[in-house]
Amino acid sequence: MSVLVDDDTRVVVQGITGGEGKFHAGQMIEYGTNVVAGAVPGKGGQEVYDVPVYDTVSGAARQEDANAAVVFVPPAFAGDALFEALDAPVDLVVAITEGIPTQDMSRVYRKLKETDTYLVGPNCPGLITPGEAKLGILPGNIFESGNVGLVSRSGTLTYQVVDNLTERGLGQSTAIGIGGDPIIGTDFIDTLKLFEADPDTHAVVMCGEIGGEDEENAAKYIRQNMDTPVAGFIAGRTAPPGKRMGHAGAIVSGSGTGTAESKINALEDAGVRVGDTPNEVADYIEQFL
Amino acid sequence: MSVLVDDDTRVVVQGITGGEGKFHAGQMIEYGTNVVAGAVPGKGGQEVYDVPVYDTVSGAARQEDANAAVVFVPPAFAGDALFEALDAPVDLVVAITEGIPTQDMSRVYRKLKETDTYLVGPNCPGLITPGEAKLGILPGNIFESGNVGLVSRSGTLTYQVVDNLTERGLGQSTAIGIGGDPIIGTDFIDTLKLFEADPDTHAVVMCGEIGGEDEENAAKYIRQNMDTPVAGFIAGRTAPPGKRMGHAGAIVSGSGTGTAESKINALEDAGVRVGDTPNEVADYIEQFL
Amino acid sequence: MRLHEYQAKDLFADAGIPTPDSTLARTVDEAVDAAAEIGYPVAIKAQVHVGGRGKAGGIKLVDDGEEAREAADEILGMDLKGFEVDRVLVEEAVDFVNELYVGVTMDRGEGKPVAMVSTRGGVNIEEVAEEDPDAIAREHIDPAFGMHDFQARKVVYEAGVDGDIARDVSSILSTLYDLWEERDGSDAEINPLMVTSDGEVIAADAVFNVDEDALFRQPDLAEMEEDAAGDELEAKANEYGFDYVRLSGNVGIIGNGAGLVMTTLDLVDYYGGEPANFLDIGGGAKAQRVANALDMVFSDENVDAVVFNIFGGITRGDEVANGINNALEQFDEIPKPVIVRLAGTNAKEGMEILNTDLVQVEATLEDAVQGAVEAAEEVTQ
Amino acid sequence: MRLHEYQAKDLFADAGIPTPDSTLARTVDEAVDAAAEIGYPVAIKAQVHVGGRGKAGGIKLVDDGEEAREAADEILGMDLKGFEVDRVLVEEAVDFVNELYVGVTMDRGEGKPVAMVSTRGGVNIEEVAEEDPDAIAREHIDPAFGMHDFQARKVVYEAGVDGDIARDVSSILSTLYDLWEERDGSDAEINPLMVTSDGEVIAADAVFNVDEDALFRQPDLAEMEEDAAGDELEAKANEYGFDYVRLSGNVGIIGNGAGLVMTTLDLVDYYGGEPANFLDIGGGAKAQRVANALDMVFSDENVDAVVFNIFGGITRGDEVANGINNALEQFDEIPKPVIVRLAGTNAKEGMEILNTDLVQVEATLEDAVQGAVEAAEEVTQ
């Protein structure tokens with residue numbers, strides 16, 4: 001089993017005729033993902049890799065019975081594309097786009113809370129259930145099917161940790177990059193809930209980073225609700241306060257929550273084994289299983 | 001018993017320092033309504049009839065434990081006043097104001113659906129539980145406590161029907177004027193549900209009028225869900241199609257639903273006794289009890 | 001409040017919606033000059049609020065100055081279903097291959113705006129809605145967010161609009177929605193939205209109705225010149241600020257509150273009479289307003305008797321009674337019998353004040369209506 | 001992106017928020033002329049993005065021309081916490097009795113905007129927030145509806161703002177919110193909002209930070225002149241479009257993806273080294289971008305060794321390898337030892353392409369970081 005995506009996920013790719021959209025649609029199909037449609041206004045009737053393109057997401061969802069959307073739409077139009085996906089509706093939206101204006105995301109988030117849809121991202125690598133389906137831009141070849149659930153705010157750090165796991169034969173049930181933007185849809189807690197409920201996820205890796213309070217909140221959730229063992233990693237221990245490190249999210253405000261120290265303490269208090277290196281995280285997972 | 005309002009209802013009057021607000025706050029207090037506060041921006045600290053005035057509705061609700069608001073705010077500011085009441089929050093908002101722009105009401109309605117608050121009106125006379133509390137501008141003296149629930153889209157028509165009832169000693173549990181505007185909060189069905197659930201309401205009068213499909217929808221509800229007997233009246237049998245008769249709501253579109261005939265038929269099919277005159281409605285109620 | 005076509009087109013054009021070249025004319029000479037300036041062929045269109053203007057002869061297509069003069073002469077001053085035409089719009093004739101419908105209105109049942117698009121434009125859209133509802137694609141708009149761009153596209157594609165022009169039509173619909181929202185529209189429509197052979201879309205007609213309750217914040221729209229109403233009495237009612245509708249019977253009706261007045265009409269009918277009008281004096285009317293109402297109903301030659309039915313909530317019976325007395329005391333002879341029924345707030349005081357030499361007082365609604373029906377019958381006999 | 005005080009004040013004033021009379025000056029003479037025009041006393045304020053300008057000597061209040069000249073001369077050209085002052089705002093001195101704080105920002109945790117008002121303006125509001133959180137009233141805004149008028153009043157009254165000025169302050173807050181929304185603000189603040197003895201309120205300082213991701217739709221803001229960055233290297237990074245932060249160590253770090261780069265920094269520290277910088281080349285970097293990154297890190301004199309850590313997803317190992325080769329082949333002698341680790345997409349191809357005469361290749365993150373730390377130590381010794 002797995003969470004959010006599997007063999008039955010029927011994907012519509014928004015922006016499938018653009019450079020990135022087309023490339024990664026191809027990669028997803030190659031991985032075995034069930035890409036059933038594309039959606040691009042004005043391109044209805046075309047085909048990309050034999051996949052029919054529709055003018056609207058609702059049209060694609062209706063005609064091809066799609067239940068998930070992956071969004072490769074440029075930032076200026078991505079907010080609208082997300083509203084369109086929520087309206088279609090689909091059960092899962094994966095927003096790869098980086099650089100969506102924060103106020104646009106704030107409005108999308110407001111709408112999201114009125115729906116039952118899961119939004120992963122934006123500014124994320126997507127998610128993958130190894131051997132079944134990949135929605136996004138993750139490099140499929142480093143993943144292997146197994147029982148470790150993985151959730152991370154950072155893309156390439158995810159790959160790093162997965163690499164350390166796969167190397168040791170520790171396969172993944174589902175790996176989810178939730179994105180590093182200030183406002184994201186599915187957060188750590190949403191994902192941890194899903195992993196906790198999944199009988200085939202026997203251990204969880206959670207990769208956080210400095211900024212915000214998501215890790216602290218997740219720690220609270222883990223302490224109160226999780227039986228599945230969790231290993232953690234927090235990037236940004238050496239980041240100086242007040243400096244923005246890449247993502248908007250990765251900024252430390254100087255005191256209190258948001259620092260690596262605060263997050264590591266909160267997680268360790270919740271029983272999470274926090275690794276000093278990605279490799280150490282794999283050590284803990286090996287011990288758990 | 002009664003619905004929506006009773007002795008325990010603690011009322012804040014929005015616009016209590018204005019002409020209408022002040023007059024009717026006085027009338028409500030005289031009737032015995034528990035008016036605990038007024039709310040008018042910039043008038044905080046004043047008193048009207050010994051009732052303390054606050055700058056904000058939330059302040060009034062917090063300090064005086066108010067759970068209902070009556071709105072006498074002029075149309076240009078009434079939409080904002082309604083949002084303020086919903087935010088306070090209170091359980092019941094009664095909007096007396098006539099002439100609120102429809103788009104303002106559309107936005108208020110959107111917000112209302114996210115809350116548990118009942119909004120009665122706008123452009124309505126309010127509601128009364130005889131002998132306990134009056135929220136609005138209804139003439140208290142024509143009402144008498146009893147077991148007839150009354151709901152009406154029209155103010156003065158309500159008074160007429162109540163007069164016919166009271167004359168025969170048929171008192172009312174609660175009488176509610178839901179207002180004649182195109183977009184109103186609490187509608188016939190909401191009110192009928194409350195009356196059906198109220199053990200002390202033994203019969204219901206429903207006064208509708210031409211325009212819209214609320215009466216037709218209510219008929220469906222009555223047929224499927226109501227044991228309490230209902231007598232009905234529909235104003236506007238002789239109204240020519242396409243003419244606007246006073247309220248925005250009272251306009252017939254010419255064919256299909258919205259006509260008096262369609263409404264009367266729907267109600268009679270649902271077992272409602274529809275009177276030709278207000279007096280005949282009272283006859284039916286007398287027979288029910 | 002309904003704007004004239006030329007006013008609505010100005011609004012639309014300012015917002016960026018393509019409209020044909022046009023000029024308003026109030027005289028035949030102005031019309032002919034405008035036509036020459038625009039270049040033939042042009043359409044000469046009566047500016048009155050009447051449905052089916054074209055069929056009724058209010059729109060003419062002309063090819064040269066002579067025809068223009070003839071058409072303008074014919075249309076200016078004509079009576080179109082009770083409205084006198086005092087303005088025409090002289091407009092570039094658009095050569096079209098297709099006609100669409102695009103509209104925005106408030107769906108009262110849902111409490112939210114709805115956008116509508118159909119490929120069956122150029123005809124009465126209400127008829128299309130009735131005969132073939134699926135020919136009109138609809139999209140409800142969340143008033144908290146306004147129309148999302150994707151919604152404009154969605155409804156346009158769902159209506160089956162051709163892919164080549166879908167983007168332009170969506171963009172016009174978005175603009176129309178924003179205009180409708182910003183300017184407190186109740187209805188905004190383009191019918192037809194013409195499609196030319198080279199794929200341009202252009203608003204060949206324009207409807208924009210403003211929510212009258214919102215005119216306070218649309219001062220420029222409030223100032224726009226309206227039609228002289230077709231009915232003199234309705235114009236007077238407008239002036240007095242009454243809700244008034246003239247009907248064909250002979251029993252004049254005055255009351256307070258739309259529901260009660262409609263009920264009074266219904267009862268007149270029920271007791272065998274025929275209502276002459278609907279007149280709602282509204283809530284809290286003072287004596288002068290009451291006198292104005294009587295003046296209005298007396299001015300209707302068809303009226304043979306008047307029933308005055310007041311159930312006071314905010315309206316006070318004594319005020320009404322004084323108003324009736326004052327109004328009637330001015331006459332040497334009461335023009336038409338008036339039957340009065342007062343109930344509710346200060347009804348007793350009112351009844352005492354009423355001069356029973358001038359009016360017939362009844363205690364119940366039924367008696368008052370019956371009294372008026374009988375009085376009217378007596379006059380007729 | 002942070003606007004200068006004078007730019008933010010222009011925005012605020014255009015929106016209708018009262019601001020003091022002021023003029024921007026780039027020379028001492030301009031400043032003295034402006035002061036004379038405005039009338040003494042005036043404040044002369046350095047226009048740089050530095051907190052605590054006043055304490056650092058960047059703001060001076062002057063009473064006459066001589067003082068103005070002296071102050072302008074002192075401030076213009078001064079180094080304020082690493083920023084050279086090249087502009088001053090000459091501004092009417094406001095005689096105040098009270099200082100408020102008014103601000104709008106995005107609450108990331110809640111995903112919605114928040115408006116804030118405090119009667120403790122004129123001081124560092126972050127300190128107030130920490131010492132006495134209740135001194136700041138907060139109101140979350142529903143981004144679907146925007147700020148309701150009642151919310152502006154509510155937060156102002158809850159902050160305890162005096163009744164006499166509450167209406168003006170609410171109205172300024174409403175305006176500030178609308179501006180924040182329309183112009184894609186990330187933070188908009190007035191601190192202090194001064195209250196004068198005759199009850200006027202006036203924005204004595206102005207902060208407006210724009211969401212950089214939204215600059216595409218705020219072209220006029222995008223064009224506004226920013227400070228010359230205090231750090232030359234950071235300015236260069238800006239030019240190249242890298243996320244770059246200069247630190248104090250000697251191990252240069254290049255990687256793709258913020259999380260992975262931060263992790264590389266952390267590992268350098270973990271293995272006893274000191275990171276010299278954070279440099280994220282982002283996703284899908286091509287060879288030239290890779291070369292630029294190396295150029296940047298080489299330009300930092302503090303750097304003694306470089307670790308290049310790439311985990312390819314969109315980024316391809318062969319592109320990176322080519323970029324590294326190209327960049328290094330230009331040197332007769334490699335300026336600093338470079339340790340490379342490639343993983344993920346086309347990593348194998350990349351490893352094969354890399355010129356091992358020029359770089360040290362490692363297979364794991366740990367080995368690469370350790371290699372770089374050791375290489376840096378060697379240089380230091």
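Chains as they are written, first to last, in this note's numbering: chain A, 1 to 289; chain B, 1 to 289; chain C, 1 to 381; chain D, 1 to 381. We treat Cβ as the ideally placed atom computed from N, Cα and C, and that holds for glycine.
- Just so you know, the alpha carbons of T17 of chain B and Y49 of chain B end up roughly 10 Å apart.
- In the three-state reduction of the DSSP assignment, S173 of chain A falls in the strand class, which pools E and B.
- Chain-ordered, the chain A residues with CB closer than 8 Å to the CB of E366 of chain D read T277 and N279.
- Annotation for R138 of chain C: V114 and M116 place their beta carbon closer than 6 Å to its own, counting only its chain and skipping 5 residues before and after.
- Between L89 of chain D and L24 of chain D the beta-carbon gap is near 6 Å, inside 8 Å, which marks them as a contact.
- Chain C has a Cβ within less than 8 Å of the Cβ of D163 of chain B.
- The alpha-carbon separation between D164 of chain C and V156 of chain C amounts to approximately 12 Å.
- Contact note: S174 of chain D does not reach chain A at a C-beta cutoff of 7 Å; the least C-beta distance is about 17 Å.
- When secondary structure is reduced to three states using DSSP, M105 of chain A falls in the helix class.
- Per the coordinates, the alpha-carbon of A95 of chain B lies some 20 Å from the alpha-carbon of L215 of chain C.
- The continuous alpha helix (DSSP H) containing L157 of chain B extends over residues G155 to E167.
- If you check the CB distance, I189 of chain A and Y221 of chain A come in under 8 Å.
- Under a criterion of Cβ atoms nearer than 8 Å, the residues of chain C adjacent to A76 of chain B are, in order, F216 and R217.
- For K154 of chain C, the closest Cβ of chain A is nearer than 8 Å.
- Setting aside the 5 residues that flank it on each side, P125 of chain B is surrounded in the same chain by G136, I137, L138, G155, T158 and G177, each with a C-beta closer than 7 Å to its C-beta; the list follows chain order.
- Following the DSSP letters along the chain, one finds S299 of chain D inside the alpha helix (DSSP H) bounded by residues A287 to S299.
- Interface annotation for the region 220–241 of chain A against chain D: F233, A235, G236, R237, T238, A239 and P240, criterion Cβ-Cβ distance under 8 Å.
- Between N292 of chain C and N325 of chain C, the C-beta gap is not smaller than 8 Å, which leaves the two residues out of contact.
- When secondary structure is reduced to three states using DSSP, H202 of chain B falls in the coil class, being assigned neither helix nor strand.
- Secondary-structure assignment with DSSP links P113 of chain D through a beta bridge to D:M106.
- According to the DSSP assignment, S248 of chain C belongs to no alpha helix (DSSP H), since it is labelled neither H nor E.
- Taking the Cα positions, Q27 of chain A is about 19 Å away from E349 of chain D.
- Using a C-beta cut-off of 8 Å, the region 247–263 of chain C makes contact with the region 304–314 of chain C, since at least three inter-stretch Cβ pairs fall below that distance.
- The residue from D:G160, D:D142, D:D95 and D:L247 with its alpha-carbon nearest to that of S197 of chain D is D:D95.
- If you ignore the 5 residues before and after F298 of chain C, its C-beta comes within less than 7 Å of the C-beta of P335 and K336, all in its own chain and listed in chain order.
- Within chain D, the residues placing a beta-carbon under 8 Å from that of L138 of chain A are G313, ordered along the chain.
- The region 39–53 of chain A and the region 94–111 of chain C do not touch, with fewer than 3 CB-CB distances between them shorter than 8 Å.
- For R167 of chain C, the chain A residues whose C-beta falls within less than 9 Å of its own C-beta are P41 and G42, listed in chain order.
- Per the Cβ contact rule, the region 199–206 of chain C is in contact with the region 8–16 of chain C (3 or more Cβ pairs under 8 Å).
- Assignment of L135 of chain B by DSSP, reduced to helix, strand and coil, places it in the strand class.
- Taking a beta-carbon distance threshold of 8 Å, F145 of chain C counts as an interface residue toward chain A.
- The Cβ atoms of L233 of chain D and P240 of chain A lie no closer than 8 Å to each other.
- The Cβ neighbour count for M147 of chain D, taken over all protein chains shown within 10 Å, is at least 16; the residue is labelled buried.
- Residue contact check for S58 of chain A against chain C: a CB pair falls below 8 Å.
- Less than 8 Å divides the Cβ of I44 of chain D from the Cβ of A68 of chain D.
- Pairing G15 of chain A with A78 of chain A, the inter-Cα distance amounts to about 10 Å.
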